[in-house]
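Residue numbers (the numbering used here): 426 to 675. Virtual Cβ for every residue (Gly too), placed ideally from N, Cα, C. Each remark here refers to the structure printed beneath this line.
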């Protein structure tokens with residue numbers, strides 16, 4: 426196929442992610458209206474969008490290229506890192522197995538996080554967390570939304586709701602509370618970086634997501650066999666950072 430990429434976006438989330446609001450079809454429609462003719466939906470640890478988009482490839486494949494994608498949450502040492510995987514087969518049993526393990530462990534982690542937040546004095550109910558997640562795995566977004574429903578919690582959450590961290594409240598809350606060393610961190614068995622990369626390196630193109638969240642030293646440590654590149658054009662990056670990470674990638 427003679428295909429020329431005009432504009433592309435390879436890091437988007439649909440409503441199958443807790444931090445996404447648009448359906449996969451709505452993303453497709455907006456992408457096409459803006460002249461984006463190559464895109465991927467990289468929902469957090471979910472292949473739901475890839476499943477939904479199966480029908481699309483035959484209908485629009487000669488005009489717009491959709492690439493299967495997923496954003497994986499992995500642990501490297503004491504730090505959670507995000508890796509975007511692209512181009513894998515929809516029926517890849519290894520990818521399905523990785524996500525099944527992740528989802529099982531995350532349910533346990535969510536229960537423990539509720540207990541930890543309660544120990545810290547927050548009013549929060551596990552059933553409400555699961556209800557708010559809408560059938561998805563609860564994320565930092567879910568937890569902050571639930572906590573903010575209760576007036577008893579709002580003073581403690583002021584910096585995220587209307588204070589200095591309110592510009593990116595969900596991301597800031599997540600890293601302050603749920604990453605290692607955070608106020609409500611719980612040690613639950615999640616996916617290990619090296620093991621997961623080794624499993625997937627021949628099945629997908631693997632990219633480090635939003636590297637500005639990590640130190641340069643951490644990025645160097647993540648640049649192992651199987652990692653093909655880093656996220657350069659990201660909403661997390663300003664123009665200077667885009668140029669910096671572009672030079673690193675090249």
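| query | What is the residue span of the alpha helix (DSSP H) that residue 647 lies within? | reply | For the purposes of this step, residue 647 is taken as residue 222 along the chain shown, with counting starting at 1. Its alpha helix (DSSP H) spans residues 641 to 647.
| query | Roughly how far, in whole angstroms, is the beta-carbon of residue 533 from the beta-carbon of residue 613, given that I think they are within contact range, below 8 Å? | reply | Position 108 of the chain shown, counted from the first residue, corresponds to residue 533. Position 188 of the chain shown, counted from the first residue, corresponds to residue 613. Right, their Cβ atoms sit about 6 Å apart.
| query | What separation, rounded to the nearest whole angstrom, lies between the Cα atoms of residue 637 and residue 659? | reply | The residue you call residue 637 lines up with position 212 of the chain shown. The residue you call residue 659 lines up with position 234 of the chain shown. Answer to the nearest angstrom: the Cα atoms are 9 Å apart.
| request: List the endpoints of the continuous alpha helix (DSSP H) containing residue 688. | output: The shown model of the chain, from 426 to 675, leaves out residue 688, and the question about it has no answer.
| Is residue 619 helix, strand or coil by DSSP? | Walking along the chain shown from the start, residue 619 turns up at place 194. It is helical.
| task | Output the residue ranges of the alpha helix (DSSP H) runs that lie fully inside the region 461 to 501 and measure 4 residues or longer, sorted by chain position. | result | 473 to 477, 479 to 485
| Can you give the Cα-Cα distance for residue 580 and residue 480, rounded to whole angstroms? | In the chain shown, the residue the question calls residue 580 occupies position 155. In the chain shown, the residue the question calls residue 480 occupies position 55. Taking the straight line joining both Cα atoms gives about 47 Å.
| said: Short of 6 Å in beta carbon distance, which residues of its chain neighbour residue 630, apart from the five on each side in sequence? Order them along the chain. | reply: Indexing the chain shown from 1 puts residue 630 at position 205. Excluding positions up to five away in sequence, the list reads 511, 512, 653.
| residue 547 versus residue 670 - alpha carbon distance | Counting from 1 along the chain shown, the entry for residue 547 is found at position 122. Counting from 1 along the chain shown, the entry for residue 670 is found at position 245. Roughly 39 Å between the two C-alpha positions.
| task | Please report the Cβ distance between residue 500 and residue 635, rounded to the nearest whole angstrom; I am assuming they are in contact, meaning their Cβ atoms lie under 8 Å. | result | To locate residue 500, count along the chain shown from 1; it is residue 75. To locate residue 635, count along the chain shown from 1; it is residue 210. Not a contact, Cβ separation roughly 16 Å.
| query | residue 624 and residue 495 look like a contact to me (Cβ under 8 Å); what is the Cβ gap, rounded to whole Å? | reply | Within the chain shown, the letter at position 199 stands for residue 624. Within the chain shown, the letter at position 70 stands for residue 495. That pair is no contact at about 13 Å.
| query | So, using beta-carbon positions, are residue 462 and residue 497 closer together than 9 Å? | reply | Here residue 462 is taken as the residue at index 37 of the chain shown, counted from 1. Here residue 497 is taken as the residue at index 72 of the chain shown, counted from 1. Cβ atoms of residue 462 and residue 497: not closer than 9 Å.
| query | Can you name the residues that DSSP bridges to residue 505? | reply | Residue mapping note: residue 505 aligns to position 80 of the chain shown, counting from 1. Paired residue(s): 500.
| field | Segment contact flag, the region 638 to 648 with the region 570 to 578, C-beta cutoff 8 Å, min 3 pairs | value | no
| message | Restricting to runs no shorter than 4 residues, where is the alpha helix (DSSP H) found entirely within the region 555 to 619? | response | 565 to 574, 583 to 586, 594 to 602
| said: As a quick exercise: from 561, 589, 607, pick the residue whose alpha carbon is nearest that of residue 545. | reply: The sequence position of residue 545 within the chain shown is 120, counting from 1. Closest by alpha carbon: 607.
| query | Hey, quick one: how far does the alpha helix (DSSP H) through residue 654 stretch, first residue to last? | reply | The count along the chain shown starts at 1 and reaches residue 654 at position 229. Segment 652 to 655 is the beta strand (DSSP E) holding residue 654; no alpha helix (DSSP H) there.
| First and last residue of the beta strand (DSSP E) that includes residue 631? | Within the chain shown, the letter at position 206 stands for residue 631. Counting along the chain, the beta strand (DSSP E) containing residue 631 begins and ends at 630 to 633.
| field | Boundaries (first-last residue) of the beta strand (DSSP E) holding residue 627 | value | Counting from one through the chain shown, the residue named residue 627 turns up at place 202. Element bounds for residue 627: n/a, residue is neither H nor E.
| Local Cβ density within 10 Å of residue 521, reported as buried at 16 or more and exposed below that | If you number the chain shown from 1, residue 521 lands on position 96. Flag for residue 521 reads exposed.
| query | Starting from residue 435 and walking both ways along the beta strand (DSSP E), at which residues does that stretch end? | reply | By one-based count along the chain shown, residue 435 stands at place 10. Its beta strand (DSSP E) spans residues 433 to 437.
| Would the beta-carbon of residue 517 fall within 9 Å of that of residue 632? | For the purposes of this step, residue 517 is taken as residue 92 along the chain shown, with counting starting at 1. For the purposes of this step, residue 632 is taken as residue 207 along the chain shown, with counting starting at 1. No, the Cβ-Cβ distance between residue 517 and residue 632 is not below 9 Å.
| task | Could you pull the start and end residues of the alpha helix (DSSP H) that residue 671 belongs to? | result | For this step, residue 671 is matched to residue 246 along the chain shown. Its alpha helix (DSSP H) spans residues 664 to 674.
| request: Could you pull the start and end residues of the alpha helix (DSSP H) that residue 539 belongs to? | output: Taking the chain shown and counting its residues from 1, one reaches residue 539 at position 114. Start and end: 518 to 544.
| task | Pick helix, strand or coil for residue 511, following the three-state DSSP scheme. | result | By one-based count along the chain shown, residue 511 stands at place 86. Residue 511: strand per DSSP, three-state reduction.
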